[in-house]
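Let me begin by presenting the structure, written as structure tokens, before commenting on it.
Number of protein chains: 2
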Amino acid sequence: MQGITGQELSSKKAEYLKYIHMQGDVVKTTEIAAHFSVAPSTVTKALTEIAKAGYIEHTPYHGVRLTLTGAEYARFLIRRHRLVALVLSRHGLEPEEACREAGKIEQCFSKDLTDRMCTSLGHPMMSVCGEIEHDHCCCRTPGGDRR
Amino acid sequence: MQGITGQELSSKKAEYLKYIHMQGDVVKTTEIAAHFSVAPSTVTKALTEIAKAGYIEHTPYHGVRLTLTGAEYARFLIRRHRLVALVLSRHGLEPEEACREAGKIEQCFSKDLTDRMCTSLGHPMMSVCGEIEHDHCCCRTPGGDRR
DNA sequence: GCAAAAGTTTAGACAGATACCAAACCCAGA
DNA sequence: TCTGGGTTTGGTATCTGTCTAAACTTTTGC
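In order, the protein sequence lines correspond to chains A and B.
Each residue of the first sequence is one higher than the one before, counting from 1 in UniProt numbering.
Each residue of the second sequence is one higher than the one before, counting from 1 in UniProt numbering.
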């Protein structure tokens with residue numbers, strides 16, 4: 001996945017993708033609908049579009065599963081979320097608040113901005129809401145070495 | 001202006017309001033349209049709605065002027081912008097970049113979050129793109145004293 | 001002082017995101 | 001196999017932001 005910008009998916013779709021990633025394997029429409037408190041038909045529509053964009057495989061009536069591209073993108077979304085939460089936690093927010101507020105603002109952060117903050121924070125391993133994986137951060141070459 | 005949330009105006013309308021504030025006094029439709037590279041009719045429509053919300057007075061064919069409420073809200077928007085830019089500048093961005101990126105993400109920051117960051121930064125007087133006024137920051141009581 | 005030019009508004013349309021409901025549809029378990 | 005729960009389809013709605021074309025107002029130049 002070269003050239004992520006961070007704006008490939010609208011914010012709601014990105015949230016769905018993150019959720020699918022965190023659930024792992026096959027995820028059902030109803031499960032997503034319940035988690036986000038929306039009607040199943042709303043989810044079906046979003047899923048169809050996310051699938052069209054190549055991030056998930058949607059087998060009608062049987063749920064969705066991330067593609068490789070989708071898994072990679074979801075990891076970026078989660079890394080971004082955790083970096084944003086970390087920044088907020090360093091500006092007076094309690095861990096839980098930082099995580100919640102991050103959820104509201106993260107979609108505005110481009111990949112580039114995310115990577116810059118990551119570098120500036122010294123590529124932290126932990127945030128307030130989980131580990132930060134740097135596999136696909138700008139700070140890694142394909143071989144895994146820091147630049 | 002009690003109880004600002006930061007989400008009273010959509011992001012484009014907030015940008016227009018900030019611009020009107022920065023131009024001062026009466027601002028014409030065409031001027032705004034040129035600045036934001038949109039059709040004048042787009043601006044008229046937005047202006048009508050901002051006026052309905054009480055932040056500006058719109059005299060058709062003669063331009064707009066901020067109301068007291070609008071001026072106060074615009075000062076909040078500018079303070080928020082500068083605080084966000086300051087945070088970004090402390091995370092590896094050059095002043096100009098920080099200001100530009102702040103413009104993209106600031107609309108997501110609530111009044112509360114803005115005030116928390118302000119406190120955490122020690123109520124800074126300067127950002128990378130201008131002074132920060134604290135007249136209406138949470139850190140001030142009506143008399144002007146820090147809490 | 002009036003007509004053309006410049007500026008502005010209105011009206012109608014469209015696109016994208018998100019959401020809903022109702023109806024049709026599929027599938028698995030009793 | 002039939003039925004019920006889960007899912008999808010199709011239609012509709014709202015919000016935001018945008019445009020074009022036409023109508024209207026103000027200004028300018030002669």
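Here a beta-carbon is modelled for each residue, glycine too, at the ideal position from N, C-alpha and C.
If you follow the alpha helix (DSSP H) that residue i is in, where does it begin and where does it stop?
i                     : result
residue 133 (chain A) : Where residue 133 (chain A) is concerned, there is no enclosing alpha helix (DSSP H), given that its DSSP letter is neither H nor E.
residue 98 (chain B)  : 95 to 105
residue 161 (chain A) : Because chain A in this structure spans residues 1 to 147, residue 161 (chain A) falls outside the shown range and cannot be described.
So which residues of chain B does residue i contact, with C-beta pairs closer than 7 Å?
i                     : result
residue 120 (chain A) : 91 and 92
residue 117 (chain A) : 91 and 92
residue 101 (chain A) : 113
For residue i, count neighbouring Cβ atoms within 10 angstroms of its own Cβ and tell me buried if that reaches 16, exposed if not.
i                     : result
residue 81 (chain A)  : buried
residue 91 (chain B)  : buried
residue 147 (chain B) : Confidence at residue 147 (chain B) is low in this model, with a pLDDT of 41, below 50, so its placement is unreliable and no value can be given for it.
residue 5 (chain A)   : exposed
residue 96 (chain B)  : exposed
residue 17 (chain B)  : buried
residue 61 (chain A)  : exposed
residue 117 (chain B) : buried
Where do the N-terminal and C-terminal ends of the beta strand (DSSP E) with residue i fall, by residue?
i                    : result
residue 63 (chain A) : 63 to 66
Please classify residue i: does DSSP put it in a helix, a strand, or coil?
i                     : result
residue 78 (chain A)  : helix
residue 26 (chain A)  : coil
residue 119 (chain A) : helix
residue 4 (chain B)   : coil
residue 58 (chain A)  : strand
Residues of chain B with a CB under 9 Å from the CB of residue i: which are they?
i                     : result
residue 104 (chain A) : 108, 109, 110 and 113
Does the beta-carbon of residue i, which I'm using as the reference point, lie nearer than 7 Å to any heavy atom of the ligand NAP?
i                    : result
residue 62 (chain B) : As far as ligands go, the structure on display features none, and thus does not contain the ligand NAP.
Closer than 8 Å by beta-carbon distance: list the chain B residues that pair up with residue i, in chain order.
i                    : result
residue 87 (chain A) : 87 and 91
Taking the alpha carbon of residue i as the reference point, which residue from the options has its own alpha carbon closest?
i                     : options                      : result
residue 12 (chain A)  : A:54, A:45 and A:123         : A:45
residue 153 (chain B) : B:107, B:41 and B:27         : Residue 153 (chain B) is absent from the model: chain B starts at 1 and stops at 147.
residue 9 (chain B)   : B:123, B:35, B:113 and B:109 : B:109
residue 52 (chain B)  : B:21, B:104 and B:69         : B:69
residue 30 (chain A)  : A:20, A:23, A:43 and A:71    : A:43
residue 103 (chain A) : A:86, A:116 and A:131        : A:86
residue 15 (chain A)  : A:39, A:74 and A:49          : A:74
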